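In this note's numbering, the protein residues as written are 1244 to 1694. The beta carbon of each residue, even a glycine, is placed where N, CA and C say it ideally should be. All of these numbers come straight from a predicted model, not from anything done at the bench.
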């Protein structure tokens, strides 16, 4: 320690030498605290030299400059958004989709954490922690920029877009894990203590705004704060400093998922015009068919949707891919319900064809646990194709139920839609249509209209 202290003035002048000096001290200090040596933490060690005010300012500046340079270089790599584990067979399907930029960024943060893990003074730890928080912000902004600097009309289904979304999700999941790690729980406790301390002893506001990721440390009061904390027992708390940061990443995840969902649904709407305008009221009786087949106008849409879902499962992590699939299916189900069921009359042949398309086409596109998400169309098809006697009885039951609803409680169509389902519908296996919707569907049957 004495030798290093005598050389520090000359070392500070040369940045490259100082960087080497830091690395040597960190390696030596880490070795000191390993179990086989177990050097007491309360005794002086080389890390105390790094926390001297002048030396630490230089160290912090070097950390800041080096980390930001490395962060900038991450996105300059031509393979930044390609998988870093693609050819490693022992990796899971989701791990294979981790991008080079996300993994390199986390390596940068882990290396920084290792460097300041044994820093003896809380104020110094908090300042280096603040740099990590800033880097999380900058990385998210760089991901956004990487999308905006691409072609103006970037395809939301492209590998690049999916890779950026995977990176956002991956880093958000890491932040969620870090909230409960003891290292960051300790830092959160120190930061909470610092906020109390600065309100008591500080002359100015520390500059923290609500929902801000910023940690600002007043260097003039740092030594006093350190003395107080070194004589107190730390209590671990959940690292809520990450909350706003996590919210920003989740918001970006949601935004990009919405872009993909809206893009797919828009494609499906465009391709489904011919299917929607089929002559559902004038189709041949199903008894005239030797074997029923999916409507020809639906085949191209089904193939398109199957290709899209297949590519999503290849390019996106499983949870996000499944979420997008479910949302697309629910939105398209609502669209078909509005533009086919509510806008057309059905004869027996049209009802049978629609039910066949739902069961053998649309529901087969989704995987097993999503197959029931075409709920409105599937239940509508059941109502449209049930025997006429059962349909007449159900119409009477529904109209009786609707007539019992006080007018004072029914201010709009929406309020009727949200009312509880009657037992008559449950008995028929209808759980996702309201009385009002079920009654409207039954009114689309030509055989009931002619009764």
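Rounded distance between the beta-carbons of residue 1303 and residue 1370, thought under 8 Å:
That belief holds up - the Cβ atoms of residue 1370 and residue 1303 are roughly 6 Å apart, short of 8 Å.
Ends of the alpha helix (DSSP H) at residue 1348?
Where residue 1348 is concerned, the enclosing alpha helix (DSSP H) stretches over 1343-1359.
Less than 7 Å separating the beta-carbons of residue 1506 and residue 1403?
Cβ atoms of residue 1506 and residue 1403: not closer than 7 Å.
How about the segment 1575-1588 and the segment 1632-1649: do they share at least three Cβ pairs that are nearer than 8 Å?
No, the segment 1575-1588 does not touch the segment 1632-1649.
Going straight from the alpha carbon of residue 1274 to that of residue 1414, what length do you get?
Cα to Cα, residue 1274 sits roughly 30 Å from residue 1414.
Using a Cβ distance threshold of 8 Å, determine whether the segment 1362-1378 contacts the segment 1430-1443, with at least three qualifying pairs required.
Yes, the segment 1362-1378 is in contact with the segment 1430-1443.
7 Å CB neighbourhood of residue 1521 in its chain, flanking five on each side removed:
Closer than 7 Å at the Cβ level, and outside the excluded window around residue 1521, lie 1538 and 1540.
Where the alpha helix (DSSP H) containing residue 1263 begins and where it ends:
DSSP places residue 1263 in the uninterrupted alpha helix (DSSP H) bounded by 1258-1275.
Please give the ranges of any alpha helix (DSSP H) in the segment 1396-1431, keeping only runs that are unbroken, at least 4 residues long and fully inside the region.
Taking 4 residues as the shortest admissible run, the segment 1396-1431 contains the following complete alpha helix (DSSP H) segments, listed from N- to C-terminal end: 1402-1421.
Quick one: grab the DSSP three-state call for residue 1326.
Correct three-state label for residue 1326: strand.
Is it right to say residue 1453 is buried, meaning 16 or more other beta carbons lie within 10 angstroms of its own, or is it exposed?
Residue placement at residue 1453 is flagged as unreliable, the pLDDT there being 47, under the threshold of 50; a coordinate-derived value is accordingly withheld.
In the structure shown, what three-state DSSP assignment does residue 1688 receive?
Strand.
Any idea what DSSP makes of residue 1318, helix, strand or coil?
Looking at residue 1318 - three-state DSSP - the assignment turns out to be coil, as it is neither helix nor strand.
Given a cut-off of 7 Å, decide if residue 1337 and residue 1560 are closer than it, judged by their beta-carbon atoms.
Yes, the Cβ-Cβ distance between residue 1560 and residue 1337 is below 7 Å.
Own chain partners of residue 1335 with C-beta closer than 8 Å, once the 5 adjacent residues on each side are dropped
Counting only Cβ-Cβ distances below 8 Å, and skipping sequence neighbours, we find nothing.
Buried or exposed: residue 1669, going by 16 or more other Cβ atoms within 10 Å of its Cβ?
Classification for residue 1669: exposed.
Give a yes or no on whether the C-beta atoms belonging to residue 1270 and residue 1289 are separated by under 7 Å.
No, these two residues do not count as a Cβ contact at 7 Å.
Alpha carbon to alpha carbon, how far is residue 1689 from residue 1569?
So the alpha carbons of these two residues sit roughly 33 Å apart.
Should the segment 1619-1634 be regarded as contacting the segment 1590-1601, the criterion being three or more beta carbon pairs within less than 8 Å?
Taking 8 Å as the limit for Cβ pairs, the verdict is that the segment 1590-1601 does touch the segment 1619-1634.
Looking at the unbroken alpha helix (DSSP H) that takes in residue 1578, where does it start and where does it end?
Element bounds for residue 1578: 1561-1579.
Residue 1617 (DSSP reduced to helix, strand or coil):
Note: residue 1617 maps to coil in three-state DSSP.
With burial defined as no fewer than 16 other Cβ atoms inside 10 Å of the residue's Cβ, what is the status of residue 1675: buried or exposed?
Under this definition residue 1675 is a buried residue.
Could you work out which residue in 1692, 1281, 1305 and 1460 is closest to residue 1256 when comparing CA atoms only?
That would be 1305, whose Cα lies nearest to the Cα of residue 1256.
Continuous alpha helix (DSSP H) assignments of at least 4 residues falling wholly in the segment 1500-1535
Correct list: 1516-1519.
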